[in-house]
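Trainee:
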Amino acid sequence: YYPYIKISVHEFTADGRLKRSEAYSAVEAYLSTNSSRSANRLKAEMSSRDSNSLVLTMDDHELVADHFAGVKVRWVASKIANPTQPGLYHPAQPERRFYRLTFHKRHRQLITDEYLPHVVRVGKEIRTRNRQRKLFTNSPNYKWPTYKHTMWSHINFEHPATFETMGLDPAKKKDIIDDLVTFTESREFYSRIGKAWKRGYLLYGPPGTGKSTMIAAMANLLNYDVYDLELTAVKDNTELRKLLIETTSKSIIVIEDIDCSLDLTGQRKKNQKWLSDEERDGKQTEKEIGVAAAAAGGVGGGSSRVTLSGLLNFIDGLWSACGGERLIVFTTNYVEKLDPALIRRGRMDKHIELSYCSFEAFKVLARNYLKLDEEEGDDHPMFATVERLMKEMKITPADVAENLMPKSPLDDADTCLSRLILAMEEAKEAAEMEREVAAARKLVEEKEKKVVGMVNGSPENGVAPH
1 YYPYIKISVH
11 EFTADGRLKR
21 SEAYSAVEAY
31 LSTNSSRSAN
41 RLKAEMSSRD
51 SNSLVLTMDD
61 HELVADHFAG
71 VKVRWVASKI
81 ANPTQPGLYH
91 PAQPERRFYR
101 LTFHKRHRQL
111 ITDEYLPHVV
121 RVGKEIRTRN
131 RQRKLFTNSP
141 NYKWPTYKHT
151 MWSHINFEHP
161 ATFETMGLDP
171 AKKKDIIDDL
181 VTFTESREFY
191 SRIGKAWKRG
201 YLLYGPPGTG
211 KSTMIAAMAN
221 LLNYDVYDLE
231 LTAVKDNTEL
241 RKLLIETTSK
251 SIIVIEDIDC
261 SLDLTGQRKK
271 NQKWLSDEER
281 DGKQTEKEIG
291 VAAAAAGGVG
301 GGSSRVTLSG
311 LLNFIDGLWS
321 ACGGERLIVF
331 TTNYVEKLDP
341 ALIRRGRMDK
351 HIELSYCSFE
361 AFKVLARNYL
371 KLDEEEGDDH
381 PMFATVERLM
391 KEMKITPADV
401 AENLMPKSPL
411 DDADTCLSRL
421 ILAMEEAKEA
431 AEMEREVAAA
441 RKLVEEKEKK
451 VVGMVNGSPE
461 NGVAPH
């Protein structure tokens with residue numbers, strides 16, 4: 001007769017072993033507080049929030065006791081080595097980790113109905129309290145074993161960008177912030193209308209206009225993790241799906257420079273070898289487009305066989321609903337090159353143009369970089385010159401920021417503003433000269449065409465003039 005019951009909480013879920021168990025993470029967080037006080041063997045790791053402190057957790061095969069409503073239970077951190085020997089076609093597999101809870105069977109109802117929900121609730125609270133945002137990236141598929149191994153690697157996300165420091169028109173900034181905050185508070189709304197709780201953002205504009213900074217500001221505003229997806233490192237649509245499954249809620253999935261990631265920009269026009277006349281007329285379905293692309297060796301034609309159809313399913317197909325509270329963000333310098341099916345409303349719900357620096361955006365940057373208060377900034381005598389030049393030429397926020405940045409301890413606000421004005425005047429002169437050269441070249445070309453036309457139409461060439 002054995003009077004005890006044992007419950008195991010494994011690190012990876014049993015349904016396909018694709019995703020780390022949330023229950024395991026909650027138990028791990030719950031026990032971290034208790035074990036640091038009572039366990040005899042501990043593991044020490046650097047804190048993700050403070051690089052000068054250590055975090056203590058239970059070591060493998062360590063036992064700790066816990067008490068709840070007068071009942072004593074025991075937790076053991078265990079692991080099982082994979083018995084399969086690694087080989088050429090069978091890479092080494094990670095160990096299987098789990099926590100095992102042991103308690104007397106007369107307390108079964110108390111443990112299952114009250115204690116375990118208590119552990120999960122407190123564990124999630126601890127995780128939220130100690131949460132450090134992370135920046136994830138996917139690695140080339142060939143480096144990863146196929147069994148129980150995450151497809152993402154990460155570092156702590158410590159980008160300092162905020163909407164307050166961004167050089168952006170105040171009205172546009174408020175519109176974006178309101179849209180983001182409304183999304184985070186709309187769980188019931190999305191459930192009521194039968195849509196997955198996600199939203200797509202397309203950020204487009206010339207290089208240096210703050211697209212990457214915008215993503216960092218969004219993550220800091222919402223306290224979301226960031227998944228930076230490199231499409232060229234994804235083997236095929238199946239791997240893309242697995243990557244999606246391993247992302248968490250409260251996250252931003254980013255594909256930067258999507259026009260350069262794969263050949264998704266003009267595939268309906270460029271890949272004529274596998275497109276029918278019907279598709280070229282816009283009548284073929286998106287699924288058929290993906291099948292045709294796969295048959296031709298993938299959209300990119302190289303090692304990656306991710307198709308447009310696979311990417312569309314990633315954004316808003318059935319698999320996109322496997323988690324909640326996610327943002328999907330695409331960035332591009334050339335929005336006109338992207339396939340309309342990729343960026344239509346419902347996939348990329350909000351299109352945000354990040355263009356050249358406006359005078360209002362400049363004032364935000366000037367106050368941040370030069371430590372000017374609002375009244376001092378608006379009344380600064382050099383601001384009028386900057387405003388005039390901005391009406392006459394184009395400059396990106398990145399170029400403005402670079403010129404406003406002090407280059408020596410002696411640089412004051414006037415020095416930095418003078419440097420910016422000089423750079424703008426030089427850029428204006430260069431643009432005017434370029435326009436003059438282009439106009440002269442066009443004039444020469446028109447004259448050459450006229451001469452060629454006269455020669456071709458002359459009687460000397462056997463062609464009667466019209």
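Residue numbers (the UniProt record's numbering): 1 to 466.
Using N, Cα and C, we set each Cβ at its ideal position, and we do this for glycine too.
#1: Specify, as a first and last residue, the run of the beta strand (DSSP E) that D228 falls within.
#2: Answer with buried or exposed for T285, where buried requires no fewer than 16 other C-beta atoms within 10 angstroms of its C-beta.
#3: Is the beta carbon of T332 less than 7 angstroms from the beta carbon of D228?
#4: Using 7 angstroms as the threshold, is the C-beta distance between Y99 and V234 below it?
#5: Contact defined as beta carbons within less than 8 angstroms: I believe A413 pairs with L370. What is the distance between those atoms, to the nearest angstrom?
#6: Could you give the distance in angstroms between the alpha-carbon of V452 and the alpha-carbon of A219?
#7: Could you give the residue range of the alpha helix (DSSP H) that holds residue 496?
#8: Does the pairing of the region 345 to 358 with the region 200 to 220 give three or more beta-carbon distances under 8 angstroms?
#9: Just mark E278 as buried or exposed, buried being the case when its beta carbon has 16 or more other beta carbons within 10 Å.
#10: Just tell me which of R441, N368, V455 has its CA closest to the CA of T165.
#11: Count the other CB atoms within 10 Å of the CB of F189; is the residue buried (16 or more) or exposed (fewer)?
#12: Where does the unbroken alpha helix (DSSP H) through Y1 begin, and where does it stop?
#13: Decide if the region 375 to 393 is in contact with the region 237 to 249; the criterion is three or more beta carbon pairs, one per stretch, under 8 angstroms apart.
#14: N403 by DSSP, collapsed to three states: which one?
#15: What span of residues does the alpha helix (DSSP H) with S418 cover, start to end?
#16: Under 8 angstroms: do the region 152 to 168 and the region 130 to 137 share three or more Cβ pairs, one atom per stretch?
#17: How is E114 classed by DSSP in three states: helix, strand or coil?
#18: Hey, is the region 241 to 252 in contact with the region 320 to 329, meaning 3+ C-beta pairs nearer than 8 angstroms?
#19: Using only CA atoms, which one of D399, L422, M454 lies nearest to G208?
#20: Can you give the Cα-Cα distance for G194 and L389, rounded to whole angstroms?
#21: Give me the Cα-Cα distance between F314 and R241, rounded to the nearest whole angstrom.
#22: Write down the C-beta distance between V254 and V226 rounded to the nearest angstrom, noting that I regard them as a contact closer than 8 angstroms.
#23: Could you name the residues that DSSP lists as bridge partners for H10?
#24: According to DSSP, simplified to helix, strand and coil, what is Y24?
#25: Tell whether a beta-carbon distance below 7 angstroms holds between L54 and A44.
#26: Could you check how far apart the C-beta atoms of Y4 and I126 are, in whole angstroms? I think they sit under 8 angstroms.
#27: How many angstroms separate the CA atom of T33 from the CA atom of L243?
#28: Indicate the three-state DSSP secondary structure (helix, strand or coil) for G123 in the structure shown.
#29: Rounded C-beta distance between G210 and L354? I'm assuming under 8 angstroms.
#30: Where does Y2 land, buried or exposed, given buried means 16+ other C-beta within 10 angstroms?
#31: DSSP state of M390, grouped into three classes?
#32: Once the 5 residues before and after G301 are set aside, which same chain residues still bring their CB inside 6 angstroms of it?
#33: Can you list, in chain order, the residues of its chain with a C-beta nearer than 7 angstroms to that of A321? Leave out the 5 residues immediately preceding and following it.
#34: Output the boundary residues of the alpha helix (DSSP H) element that contains E360.
#35: For Y201, which residues does DSSP report across the bridge?
#36: Hey, out of E28, L110, V76, whose CA is closest to V120's CA?
Mentor: A quick look at the data gives this:
#1: The continuous beta strand (DSSP E) containing D228 extends over residues 225 to 228.
#2: Any answer about T285 is weak, because its pLDDT of 45 lies below 50 and its placement is not dependable; what the coordinates show is given next. Its Cβ having fewer than 16 others within 10 Å, T285 is exposed.
#3: It is not a contact, given that the beta carbons lie outside the stated cut-off.
#4: Contact flag unset, no.
#5: Your pair A413 and L370 checks out as a contact, with CB atoms roughly 4 angstroms apart and the cut at 8 angstroms.
#6: Approximately 60 angstroms, taken between the alpha carbons.
#7: Given a span of 1 to 466 for the chain in the structure shown, any question on residue 496 remains unanswerable.
#8: Touching, yes.
#9: Reliability of the predicted coordinates at E278 is poor, the pLDDT of 38 falling under 50, and the value obtained from them is presented with this limitation in mind. Here E278 is exposed, its C-beta having fewer than 16 other C-beta atoms within 10 Å.
#10: Looking at R441, N368, V455, the one whose alpha-carbon comes closest to that of T165 is N368.
#11: Under this definition F189 is an exposed residue.
#12: In this chain, Y1 is not harboured by any alpha helix (DSSP H), its DSSP state being neither H nor E.
#13: No: fewer than three Cβ pairs fall under 8 angstroms.
#14: The answer is helix: DSSP assigns N403 an H, G or I state.
#15: Counting along the chain, the alpha helix (DSSP H) containing S418 begins and ends at 413 to 456.
#16: A contact between stretches requires three or more CB pairs, one per stretch, nearer than 8 angstroms, and the region 152 to 168 meets this requirement with the region 130 to 137.
#17: Note: E114 maps to helix in three-state DSSP.
#18: By the criterion of at least three beta-carbon pairs nearer than 8 angstroms, the region 241 to 252 is in contact with the region 320 to 329.
#19: G208 has its Cα closest to that of D399, out of D399, L422, M454.
#20: G194 and L389 have their C-alpha atoms spaced approximately 50 angstroms apart.
#21: F314 and R241 have their C-alpha atoms spaced approximately 7 angstroms apart.
#22: Between V226 and V254 the Cβ distance is about 6 angstroms, and since that is below 8 angstroms, they are a contact.
#23: According to DSSP, which records beta bridges pairwise, H10 is partnered with F98.
#24: In this structure, Y24 counts as helix in the three-state DSSP scheme.
#25: Contact: yes.
#26: Not really, about 27 angstroms apart at Cβ, beyond 8 angstroms.
#27: If you take the alpha carbons of T33 and L243, they lie about 31 angstroms apart.
#28: Helix, per DSSP.
#29: The distance from the Cβ of G210 to that of L354 is about 5 angstroms, consistent with a contact at the 8 angstroms cut-off.
#30: By the 16-neighbour rule on beta-carbons within 10 angstroms, Y2 is exposed.
#31: In the structure shown, M390 sits in a helix (DSSP, three-state: H, G or I).
#32: The pLDDT assigned to G301 is 43, lower than 50, so where the model puts this residue is not dependable, and the model offers no usable value.
#33: Excluding its 5 nearest sequence neighbours in each direction, A321 has C-beta neighbours in its own chain below 7 angstroms: A196, listed in chain order.
#34: That run of the alpha helix (DSSP H) goes 359 to 370.
#35: DSSP lists V329, K350 as partners of Y201.
#36: Comparing Cα-Cα distances from V120 to each of E28, L110, V76, the minimum goes to E28.
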